[in-house]
Each structure stands twice: as structure tokens, then as C-alpha cells.
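The sequence shown begins at 1 in UniProt numbering and counts up by one.
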Amino acid sequence: MKKALPLKGGSAGSKHGMKSPKELESVLKQYFGYSEFRGRQLEAIEAVLSGRDCFCLMPTGGGKSMCYQIPALVKTGVVLVISPLIALMENQVSSLKSKGIPAEFLSSTQTTANKNKIHEDLDSGNPSLKLLYVTPELVATSGFKAKLTKLHNRGLLGLVAIDEAHCISTWGHDFRPSYRKISSLRKQFPDIPILALTATAVPKVQKDVISSLSLQNPVILKASFNRPNIFYEVRYKDLLDDVYSDISNLLKSSGNVCSIIYCLERAACDDLTMHLSQLGISSAAYHAGLNSKVRTTVLDDWLSSRTQVVVATVAFGMGIDRQDVRIVCHFNLPKSMESFYQESGRAGRDQQPSRSVLYYGLEDRRRMEFILRNSSSRKQQPSSSSTELSEKTLADFSQIVDYCESSSCRRKKIIESFGEKVQPTLCQRTCDACKHPNQVSSHLEDLRRVPNCRFNKISPVFQTSSVDPKHFNTEFWNREDDVSISDEDISDSDDEEEALSNITISKLPSKGGFEARLEALERAENAYNQAKGQTKPQGGNLVDKKSISQTLRDASRKRLSGALGQAKLRLGDLRFAEEASATHLETECFKKYQKVGKTFYNSQIAATVRWLSSSTSDQIHGRLEALTNQTTEAGAATSSPCIISDALGKAEKPAEATVSYELAKTEPSDEFAKTMASTENMEPSKMSPPEKSVGEEARRDGAIGTMDLPKIPSFREFMSQKGRDRATSSSRAESQPRGIPRKAGPVISKEGTTGTSKKMKL
Ligand SMILES: Nc1ncnc2c1ncn2[C@@H]1O[C@H](COP(=O)(O)OP(=O)(O)OP(=O)(O)O)[C@@H](O)[C@H]1O
Ligand SMILES: [Mg+2]
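Structure (C-alpha cells):
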């Protein structure tokens, strides 16, 4: 049987790896260069080496990884590390390799040759690997389970470590359904210790993690949540003349130190990056809307100090280990204290003085409330009722609102939110409220005077908003939903067929509506094609790498639609149909750059998104109107108009076109039509029947006419066709008697409502 990695200086590990604290310390020194263990590291290491299960709660940056890395060095066999993010695994594996420790990760981003090498090593009976990082999805596959069983039968599975274990709890702020799949590990390997690690778990989540993983009589280790080296501060956007200058001055006055700025939405990341760059700060955006290559480059540049500031959504999150991050800013309000603690905890992992600055805006608070209310009502989670979750979500949110709107010690608020008791003398003027109490109080007084300020109250303002929350391009959705764009980061399977069936069956949202199902099918198709090592076939040929695929076009349209939704919220007086307008804007980009290739196309889309996030109502209306006119002049008389007319009604056209598009995309439902009608003050019977889908019209007006259509229709095309057929037949069926409720999509704007029907102008 293979011995543990020979330790420098001749000592070697035993099967159980039991070592004295001194010996363990010398391993720490030898491989990592640290002279002593931190916090409760040693206790955790000793617990798992003695074969006990262990639940380890240590603060962000506290050194949890060491709790399984040291056992891997002194114990026989392989330590399996389950981790939620590929970026996080890559990060840790490359750092371990640089220290001469044999570690690998298995994920879809690995080359087949690499994967084969890892599997050969595991099958060899004498694996050289000490640590193997995998995603929860992979652990759940039958192929990998069999591999683990073989390893275990040969006595070569040393420990199972579950990093970011709070992800298994529906009560945790980062619940990941895929983590549920690993709950059978305890049963599968009853004699192998399991180590669950997290930085953010309130007592309820702690209990949930322990019971979900069926940990047996675990050693429970909890360190304080306090991060004494971080100075906490809140700045009030509504009281600042220019938030961009403020943030840029903050970064400059701190000496251009390594920083992270978190934003809620992708467009905000792009926009802020642009502003900071204009103000002379080296910065880059990081979010799930960027492809993995770009993201890797941004991460590499930031890790190697070529970029000073990363402006990111929460996609840039858990476990990013750069030790000397000096400032973490929140440009928008996080959704809970746990999220805030995780994200601000990226600062000062080297224990050196660092700062957390939260920019609090009343508008941000309203938007987040709106998102949370909608998210709670959309979510389906096991073992908890949606009302309970909704209450919890709002209670979590009110904690972070209270953190901002209160003049008492910020540090105390953070720590107490995790159920830990705090000594009154703990802070020692290491937050703005303790250091400058008068200033903070006066800011709060000023904030109270801001019109419509609803201090300390969760506002119902957006509860009945007509803006669809899915139009927010926040990673917040993605993190909570495994069927999302972040599949790229988290999904995994060794087995191509299994991957396909997982997506098409288990991941196919049953109640997510037509569009959600369509997306899942499309992803399955892409996954299948990728697994086959090719891009989507068109006319039997492989697609030119530069060409702009239909999938990319659809994604771009969605992105634009999201940006239009945000502009609507920001400006309040915009009258346009988002989907139709997004189609027009996308078509404009496509027409310009279809011959040049997708790089230019992508940057034109990004520029348009940025433009939408900073333009005035007039500018946006002007451009959309011009676009509509262009298409009309070009002979596309039936093309969907962008602008919905106001009550004065200029050149008006009946509402059919817009409604029809939405009908083509959504599963018609009488209930839905009634809801829409009541929201919009309309009678369902007064809505007109559908005619043409935008997709169809766009093709006809030449927008997509120049593209070769694939011989075999994609899922999207196939399903769109079905949708159109359905819409056409329902249109025929419903062109008769009034009084029969009709269906409509959420495209109709409130503006222009006359009380009886909606009209649009071309
Ligand atoms: N005993 C130690 N002495 C000094 N530095 C340490 C020690 N243990 C770990 N570190 C360093 O602390 C940093 C943070 O460690 P690690 O990434 O394991 O934190 P973490 O607890 O997993 O944090 P997070 O919850 O944010 O993922 C790393 O750079 C690590 O090398
Ligand atoms: Mg960690």
C-alpha cells in the first residue's frame, strides 16, 4: 500500500497519520512556510486524523483549507475535496502544485488527456495524488461513485472534505441544489472521516449542515466571526455628489492597492469599470456574462497584480485567495449579512489592516427588495415552505439594511448576526460608527431627509412592479439556480450521456415556463455538441470560429433586454417593449459586424449595454425610434415596433405585434391573461390575437436572412416553430367571440394605458 507523501527530512505518514502537534507543525512549516497553526486548525486536523467527523466554522480567510491539506500530507491515500467552483479548485490546485504537493481537479475545463492521466493514477493501486478536487455534480455521477468505491475498497480514500459546506443548507445564503447530491457520502463510506468547512453559518445552518451530511458524533469547532484587521465603513450614495469620483478617490488615496468592488448586475460592472478606467484606475470587470477565457484572463491579471481592481458580481466569490486584498467595496447593497461577510471577507486574508466600504443607496435597497420578493416567490426548495423562505429572505435583508441605517457599531452588528455574543469593548474604533460617531449620525440624519426615504422599513414599492425580475442580469439569480449560465462554472460530469440526461431530465425546470424549458434544452444541445468536440453543425459543416451563432445572438438579445429593463427602472419614464427593442438593437449590432466576426459583435453588444446604462430617456427613445423607422423604411412593415405610444397616441398601430411575440414565447394561460389584465387595467377580452413572432419577422426583414439556416433545426428553432404554430392556432381559435379571456405576455407598458386598450406606434 502506498505510503503518504514522504516528508522532507525523512519522516513519513502512517495510515491514520497520527502525529504529535510538533510533528504536524513541522509539516506546516515544511510545505507552507508557516510556523504555527492558526485558530482551530490544529484541532480540526487532529480530529480528522483520529477518524472523527468534524464540522469546522472558521472566519473567511481563517485558513480552513489547511485543515484538509495537512491531513493529505500525513495520511495514506487520497483526500477528496468537494468544492463549489471550478475557479476555486484551479486556484488551490495550482498553489499546491507550486509547493510540490500532488493535487489535481476534475472538471469540464480539464483537457481529456489530463482527465485520463488523473483517472489512470487513481486506478493504479498506488496513486501519487494526495488531493483530488471535484464538484458536487461529479461526485453524484454513477461513474465517479464507482471510482471512489474502488479507491475506498483499496484503503486509499483518506478523507472527504466538503468546502463551503453551507451550500448544502436551504437556509444558507448560497444554497446549491447540487450539494444535496453529496448527502449519501456518509452512508457510502461509513469509516471515512468527513470534514465540513464553512465561514458563514448561523446556528440554524450549522445544524442543517451536520444533519444533511449525517455527520456522526462530529467534533464541532467554531472560531469567532470577528475579522479584527478589517475596518468597516458605510458611505451613503444619496449624499454623495458623484459616487464614481468618491470611489476613485478612495482607491487612489489608499495608494492603488489591490481591491475588489462588488456590483449587483453585470451591466453595472461594465459601467463602473469604464468609469474607473477613465479616471485612471486599472480595473477589469468579472461576471458570468463573460466567457470563461476572458474571466480566466481577468483573474490571472488581478492575481498577478497586472490589474489593480476587479469589478465583479458575486460570480467572483467564494475562496478566491489573494492574501493582500486591501479594499473590498460593495457598490450595491448585498442581499444579506452572510453574503456581505463572505464578500467583505476577501479583504486582508494576510491579517494585515484592510477596509470594507459599503456604498448604500436608497434606490439599491428598493431594487434588492424587489428582487428578493420575486426570487422568493419563484424559488422551489425542498423541506421549507416558500412563505417561510420569503420571510427569512426579507429578515436577512433587513439585517444588512439595519447595518447601514444604524449608527451603532458595525462590527458588533456583523458578529451578532451570526449569533455570537460580543464584548462591548471589541471594536476599538475599527468601524466608522465607533471612530466617527458624530459624522455617522449626521449622515443618517441627512439621509432621513432624502425624499421618499423609508428608514428601516422594508418597502413595498416594487411589490407590484411590472418589471420582470429576470431582466436583471444579476449573478444573484445564477448562484441560486443550478440551471443557469453559471453551469459553466459549476456543472460537471464525466459521462457525456449522463450529463445530457441530467440536463434534459433532472435539470429541466418543470414549472419554469416555456422559455426556461427551452433554455435548458438548448443548453443540453450545446453540452452535447461540446462533448462531441464540435460547435453546432450548420449545413453539415463545423461553424467557423468567428461566426456569430444563433445561441450567441439569443444570449445577446437577453442581455440587451436586461439592460433595457434596468434603464426602465433607472429612468422611470421609458415607453418601449423590451423584447422588441432588444431584438432591434441586437439586429443592428449583428448587421454591422456579422462579416467581421463575433469579437467585434460582442464588444458592440457590450458597448450598447453600457450606453443603455448611462443614457437619458430621450437618447434611448431617439435611438429606438430611429431603429424602428430604419426597419420600416427597409420594407419590414411588419417588424415589431420599439416604442409603445403614450396616451396622446401618435401614428398608432394596433397592439397585435407586441402581444404576439410574447405569446410565441410563453405558454398561454388564462390565469396569466387575467392577472396581466388586472395589473394593466385592461380587460382580457380586449387584447388582440397574436399574429407573427418577432423571430419570424426578423428573418423576413433580412435580419437573419443572410445566415445559413441549419439543416437540422436546433431545439430553440424547433420549439419556436411549435410556439408559433400554437400561437397561430390559438389566434385562429380566438379571433371570434369577445368575452373569452385572452392571453398576453408581460410586454405591455403601463404608459399609454387608456383604461381600455394599449396601442403602439411604429
Ligand atoms: N497557520 C497559518 N499561518 C499563516 N497563514 C495561514 C495559515 N493557514 C492558512 N494560512 C493562509 O491564510 C490564507 C487563507 O486561507 P484559506 O484560503 O484556507 O482560508 P479560508 O478559511 O478557506 O477562507 P474562505 O472562507 O474565504 O475560503 C491562505 O493564503 C493561507 O495560506
Ligand atoms: Mg476557503
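Don't be surprised by glycine CBs; every beta carbon is placed ideally from N, CA and C. As the structure is a computational prediction, the values presented were derived from the model and not from experiment.
Buried or exposed: which applies to Y232, given that a residue is buried once 16 or more other Cβ atoms fall within 10 Å of its Cβ? As a position in the sequence shown, residue 232 is number 232, starting the count at 1. That one is buried.
State yes or no: is the C-beta of D271 within less than 7 Å of the C-beta of R52? Counted from its first residue, the sequence shown places residue 271 at position 271. Counted from its first residue, the sequence shown places residue 52 at position 52. No, the Cβ-Cβ distance between D271 and R52 is not below 7 Å.
Using CA atoms only, rank isn't needed, just tell me which of K117, T200, R349 and T393 is closest to F370. The count along the sequence shown starts at 1 and reaches residue 370 at position 370. Nearest C-alpha to F370: T393.
Using only CA atoms, which one of W171, A288, R326 and N153 lies nearest to R355? Reading the sequence shown from its first residue, position 355 is the one you call residue 355. Among W171, A288, R326 and N153, the Cα nearest to that of R355 belongs to R326.
Return the CA-CA distance between S214 and L159, expressed in angstroms with no decimal places. The residue given as residue 214 occupies position 214 in the sequence shown. The residue given as residue 159 occupies position 159 in the sequence shown. Looking at the two C-alpha atoms, the distance is approximately 15 Å.
Following the continuous alpha helix (DSSP H) through L24, name the residue where it begins and the one where it ends. The residue you call residue 24 lines up with position 24 of the sequence shown. Counting along the chain, the alpha helix (DSSP H) containing L24 begins and ends at P21 to F32.
Can you tell me whether K222 sits near ligand 2, meaning its C-beta is under 6 Å from at least one heavy atom of the ligand? Along the sequence shown, read from residue 1 onward, the residue named residue 222 stands at position 222. It does not: the Cβ of K222 is nowhere closer than 6 Å to a heavy atom of ligand 2.
Name the residue from D174, K117 and L221 whose alpha carbon lies nearest to the alpha carbon of L42. On the sequence shown, residue 42 is found 42 positions in, with the first residue counted as 1. Each of D174, K117 and L221 was checked against the Cα of L42, and the nearest Cα belongs to L221.
Is M337 near Q399, with beta carbons less than 7 Å apart? To locate residue 337, count along the sequence shown from 1; it is residue 337. To locate residue 399, count along the sequence shown from 1; it is residue 399. For the pair M337 and Q399, the CB atoms are nearer than the 7 Å cut-off.
Alpha helix (DSSP H) runs wholly inside the stretch 20–102, at least 4 long, in chain order: 21–32, 41–49, 66–74 and 86–98
Below 6 Å, is the gap between the Cβ of F37 and the nearest heavy atom of ligand 1? To locate residue 37, count along the sequence shown from 1; it is residue 37. Indeed, a heavy atom of ligand 1 lies less than 6 Å from the Cβ.
Which residues DSSP lists as bridging H330, in chain order: Walking along the sequence shown from the start, residue 330 turns up at place 330. Y262 and L358.
By the DSSP assignment, the beta strand (DSSP E) with R235 in it spans what residues? What you label residue 235 is simply residue 235 of the sequence shown in a count that begins at 1. Annotation for R235: the continuous beta strand (DSSP E) segment containing it runs I230 to Y236.
Contact set for G407: own chain, Cβ-Cβ below 6 Å, skip 5 residues either direction: Stepping through the sequence shown from its first residue, residue 407 is reached at position 407. Per the sequence shown, residue 407 should be read as Ser rather than Gly. For S407, where only same-chain residues beyond five positions count, the Cβ hits under 6 Å are A433, V440, S441 and L444.
Please classify D191 as buried or exposed, where buried requires at least 16 neighbouring CB atoms within 10 angstroms. Along the sequence shown, read from residue 1 onward, the residue named residue 191 stands at position 191. Counting Cβ neighbours within 10 Å, D191 comes out exposed, since fewer than 16 surround it.
Leaving aside the five residues before and after F600 along the sequence, list all residues of the same chain whose C-beta is less than 7 Å from its C-beta, in chain order. Taking the sequence shown and counting its residues from 1, one reaches residue 600 at position 600. Excluding positions up to five away in sequence, the list reads Y593.
Bridge-paired residues (DSSP) for residue 798: Within the shown structure, residues of the chain are numbered from 1 to 762, placing residue 798 beyond reach of any answer.
Using a Cβ-Cβ cut-off of 6 Å (strictly less than) and excluding sequence neighbours within five positions of K19, which residues of its own chain qualify? Walking along the sequence shown from the start, residue 19 turns up at place 19. For K19, where only same-chain residues beyond five positions count, the Cβ hits under 6 Å are V74.
Simplified DSSP state of V325, which is helix, strand or coil: Position 325 of the sequence shown, counted from the first residue, corresponds to residue 325. Reduced to three states, the DSSP call for V325 is coil.
Quick check on D428: buried or exposed, where buried means 16 or more other Cβ atoms within 10 Å of its Cβ? Indexing the sequence shown from 1 puts residue 428 at position 428. For clarity, residue 428 is Gln in the given sequence; the question names Asp instead. Per the 10 Å Cβ criterion, exposed.
Do you know whose CA, among A44, H119, T296 and E343, lies nearest S259's CA? On the sequence shown, position 259 is the one that residue 259 refers to. Minimum Cα distance to S259 is reached at E343.
Within the stretch 104–165, ranges of the alpha helix (DSSP H) (whole runs, at least 4 residues): 112–123, 136–139 and 142–153
Selected residue, minimal CA-CA separation from D246, among S98, E625 and C329: The residue given as residue 246 occupies position 246 in the sequence shown. Comparing Cα positions, the closest option is C329.
Residue nearest to P203 in terms of C-alpha spacing, selected from L24, K117, E36 and F55: Stepping through the sequence shown from its first residue, residue 203 is reached at position 203. Ranked by Cα distance from P203, the first of L24, K117, E36 and F55 is F55.
With DSSP run on the structure shown, which of helix, strand or coil describes C409? Residue numbering aside, residue 409 sits at position 409 when the sequence shown is read from its first letter. Three-state DSSP puts C409 in coil, outside helix and strand.
Give me the Cβ distance between L574 and S617, rounded to the nearest whole Å; I'm assuming they're in contact under 8 Å. Here residue 574 refers to the residue found at position 574 when the sequence shown is read from its first residue. Here residue 617 refers to the residue found at position 617 when the sequence shown is read from its first residue. 6 Å between Cβ atoms; contact.
Quick check: the Cα distance between P131 and G289, rounded to an integer number of angstroms? By 1-based counting over the sequence shown, the position of residue 131 is 131. By 1-based counting over the sequence shown, the position of residue 289 is 289. One point to set straight first is that residue 131 is Leu, not Pro, in the sequence displayed. Rounded to the nearest angstrom, the two C-alpha atoms are 31 Å apart.
I need the straight-line Cα distance from R365 to G63, nearest angstrom please. By one-based count along the sequence shown, residue 365 stands at place 365. By one-based count along the sequence shown, residue 63 stands at place 63. Between R365 and G63, the C-alpha separation is close to 33 Å.
Could you tell me which residues DSSP puts in a beta bridge with S614? Numbered from 1 along the sequence shown, position 614 holds the residue referred to as residue 614. Beta-bridge pairing links S614 to no other residue.
State the start and end residues of the unbroken alpha helix (DSSP H) segment that holds A433. Sequence index remark: in the sequence shown, residue 433 carries index 433 (1-based). From DSSP, the alpha helix (DSSP H) with A433 extends over D432 to K435.
In three-state DSSP terms, what is S339? As a working mapping, residue 339 is identified with position 339 in the sequence shown. Helix, per DSSP.
At least three beta-carbon pairs within less than 8 Å, the stretch 140–150 to the stretch 84–97: Contact between the stretch 140–150 and the stretch 84–97 is absent: fewer than 3 CB-CB pairs across the two stretches fall below 8 Å.
If you follow the beta strand (DSSP E) that I194 is part of, which residue opens it and which one closes it? Working through the sequence shown from its first residue, we reach residue 194 at position 194. I194 to T198 is the extent of the beta strand (DSSP E) around I194.
Reduced DSSP secondary structure (H/G/I, E/B, other) of G280: As a first step, residue 280 is located in the sequence shown; it is residue number 280 there, counting from the start. In this structure, G280 counts as coil in the three-state DSSP scheme.
Among I320, T111, L372 and L571, which has the Cα closest to the Cα of A87? For the purposes of this step, residue 87 is taken as residue 87 along the sequence shown, with counting starting at 1. Nearest option by C-alpha distance: I320.
Can you give the Cα-Cα distance for T76 and V205, rounded to whole angstroms? As a first step, residue 76 is located in the sequence shown; it is residue number 76 there, counting from the start. As a first step, residue 205 is located in the sequence shown; it is residue number 205 there, counting from the start. Straight-line spacing of the CA atoms in T76 and V205 works out to 32 Å.
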